[in-house]
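Working notes for the structure below.
Number of protein chains: 2
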Amino acid sequence: MNEQWLISRITPLAGKRRELVCGIGDDCAVYRAPGTREDLVFTTDMLIEDVHFRMSTHSPEEIGHKALARGLSDIAAMGAEPKFCLLSIALSTAASKKWIDGFYRGMLKLAARTGTVLAGGDLSHALEICCDITVSGAVPRNRALLRSTAKPGDLIYVSGPLGAAAVALQAGKVHLPQPRLELGVQLRGKASAAMDLSDGLSTDLQRLCVASGVSAALNEDIPLAAGATIEQALHGGEDYELLFTAPAKKKAPAGCTMVGEIIEGKPGALRYKGKPLRARGYDHFKKS
Amino acid sequence: MNEQWLISRITPLAGKRRELVCGIGDDCAVYRAPGTREDLVFTTDMLIEDVHFRMSTHSPEEIGHKALARGLSDIAAMGAEPKFCLLSIALSTAASKKWIDGFYRGMLKLAARTGTVLAGGDLSHALEICCDITVSGAVPRNRALLRSTAKPGDLIYVSGPLGAAAVALQAGKVHLPQPRLELGVQLRGKASAAMDLSDGLSTDLQRLCVASGVSAALNEDIPLAAGATIEQALHGGEDYELLFTAPAKKKAPAGCTMVGEIIEGKPGALRYKGKPLRARGYDHFKKS
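Sequence lines, in order, name chains A and B. Each residue of the first sequence is one higher than the last, beginning at 1 in the working numbering. Each residue of the second sequence is one higher than the last, beginning at 289 in the working numbering.
In structure tokens:
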């Protein structure tokens, strides 16, 4: 069993609705209310103790920041601006009042900085801390950036050096992702496709290529974060940079690096240094 | 620590936004996109193993049904019609492929019956199964039913007999809630305030009274579910009937029972049989 297996089983049963112009399979769902000039986008992300963080190495402020940053990164990947969020959190007995205050402080600091209002949520308890944040954003009608619209000949870009989260993990340190919201807005009308890098370049680029029905060839040089190996840059997760494609004639925004080209071929097939590249990023259900 | 303590600490820090016409504190948040005739409502509810269900007594279909029904009940309480949902689920090693199939079958059957499209979600793993569903619905502009608008002199109603979930729990059986969506729509323009009964009449009525700044006096007779005691009807959680108030001159829909009256007094103070009634429903953080 893996995530793809589960998603492919659920998708045909999910139902349809005219207002829902994009459903399962992208960074966000896209909802178009009748009469509006704006599309609303929605994403939900869990953050679970001993999966996404550890109480021993992460401060409560860092965990709160990370819980919201993951969702905001999806909003950025759609070219949207965040509007509000809903927070569900199940607390364990290890979460003191001081811990809870720190968690909300970290989360609400990032929320205030990005204009994201906390609109509601749910409280519960569990053996380990488990939280889930739904974030909603808005984008001008029909301008959301999708992952299914890359075309052969488009160039592939990343928004910054890769592997920083893998380096931090190895060193027992914390990588605090900063959602690329300004860049996402800049990419409207420029990028042909976009998504965020949550599970590693190889895995996420493969998903973008499968969704778009294309292949990709990566350059030999990939921008490396300080101390990162090429393996960490290709397969390390949780960098939360943006991955996007654009026609060759469009100028990429400052700070973005061209890392390859979209080509015709088997959907999802990747090439690196002239050889096939296997997706080796993170999968919650793969035993490896 | 209890839920109310936590909510009262978070609320002043949640931020504000013109489009968000109702935030923390009601069954749903209400969002008004510029230019629309419809308000969108949003709710999120966790369902956690050994808190809300047990693998040994609940079938996967029942758990899937319950996960979505909790959110749909909040949509009903706002007088809204469901549009879509997002499902986050962390699976444990105890969740087989067969279990997962059953869970989605139960959830998607209720989704199809109520017109709720599954628009996306997140997958993860945890020690115990933990899921969180965000549901969105729509209601004509400015017609959402709130819990903060009850007035002295209004009568108090419930949508059906109470205590069924408590009776089922005691008997080791499963109570499958049926969200009162049709009734919620009927109550638009009739009810002065509404919410759903998730944590027990005494606790939920107290919340409605606190939000509205009023007191309430309950009748001696409360409609009892088959086999339920008055204690179970007053304090038992998870019935997911609707609790609403309406001016005395309005006729209540069929099947609803008048159970008391909103009166002036200390916000949240309840009276039953001429004596003060303490809220003794469910609180995730109260040790009792």
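Note that CB positions come from ideal geometry on N, CA and C, so glycine has one too.
- When DSSP states are grouped into helix, strand and coil, B:D389 belongs to the helix group.
- A distance below 6 Å between beta-carbons, with the five flanking residues on each side excluded, links B:A479 to the following residues of its chain, in chain order: L433, F532 and A534.
- The contact set of B:D492 on chain A, defined by CB atoms closer than 7 Å, is empty, because the minimum CB distance reaches about 15 Å.
- B:A536 sits exposed, since fewer than 16 C-beta atoms from the chains shown fall within 10 Å of its C-beta.
- With a minimum length of 4 residues, the unbroken runs of alpha helix (DSSP H) contained wholly in the segment 460-521 of chain B fall at 469-474 and 489-500.
- Against chain B, the beta carbon of A:K98 has no neighbour under 9 Å; the closest one sits roughly 11 Å away.
- At a cut-off of 8 Å, the C-beta of A:T134 has a neighbouring C-beta in chain B.
- B:G448 has its alpha-carbon roughly 39 Å from the corresponding atom of A:A94.
- Straight through space, the alpha carbons of A:R105 and A:E231 are spaced by roughly 35 Å.
- Around the Cβ of B:D442, a 10 Å sphere holds 16 or more other Cβ atoms; the residue is buried.
- A check of alpha carbon separations from A:V41 across A:L20, A:H52 and A:N219 identifies A:L20 as the nearest.
- The C-beta of A:T149 comes no closer than 8 Å to any C-beta of chain B.
- With a threshold of 8 Å between beta carbons, B:T332 makes contact with chain A.
- In the three-state scheme derived from DSSP, where H, G and I count as helix and E and B as strand, A:A67 is classed as helix.
- Straight across, the Cα-Cα distance linking B:A504 with B:I550 is about 4 Å.
- Bridge pairing for B:R559: B:A505 and B:P564 [DSSP].
- Approximately 6 Å separates the beta-carbon atoms of A:A150 and A:V214; this is inside 8 Å, confirming the contact.
- The residue among A:L277, A:P276, A:G236 and A:N219 with its C-alpha nearest the C-alpha of A:V259 is A:N219.
- For A:V51, the secondary structure class from DSSP, reduced to helix, strand or coil, is coil.
- A residue is called buried when at least 16 other Cβ atoms come within 10 angstroms of its Cβ; B:T491 meets this threshold and is buried.
- Setting aside the 5 residues that flank it on each side, B:K538 is surrounded in the same chain by K478, each with a C-beta closer than 7 Å to its C-beta; the list follows chain order.
- For B:L457, the enclosing alpha helix (DSSP H) covers residues A452 to Q458.
- The three-state reading of DSSP puts B:L411 in strand, counting E and B together.
- At a cut-off of 8 Å, the C-beta of B:I351 has no neighbouring C-beta in chain A.
- Sequence-distant partners of A:T116 (beyond 5 residues in either direction) whose C-beta falls short of 6 Å from its own C-beta, in its chain, are P82 and C85.
- Taking B:R297 as reference, the option from A:T114, A:I100 and A:I10 with the minimal CA-CA separation is A:I100.
- Nearest CB-CB separation between B:K354 and chain A: not below the 8 Å threshold.
- With a threshold of 16 other beta carbon atoms within 10 Å, A:S96 falls short and is exposed.
- Nearest CB-CB separation between B:L496 and chain A: not below the 8 Å threshold.
- The C-beta separation of B:I510 from A:A126 comes to about 33 Å, leaving the pair out of contact by the 8 Å criterion.
- Sixteen is the threshold: since fewer than 16 other Cβ atoms of the shown chains lie within 10 Å of the Cβ of B:P564, the residue is exposed.
- Residue-level contact check: B:D484 does not touch chain A, since none of the beta carbons of chain A fall below 8 Å from its beta carbon.
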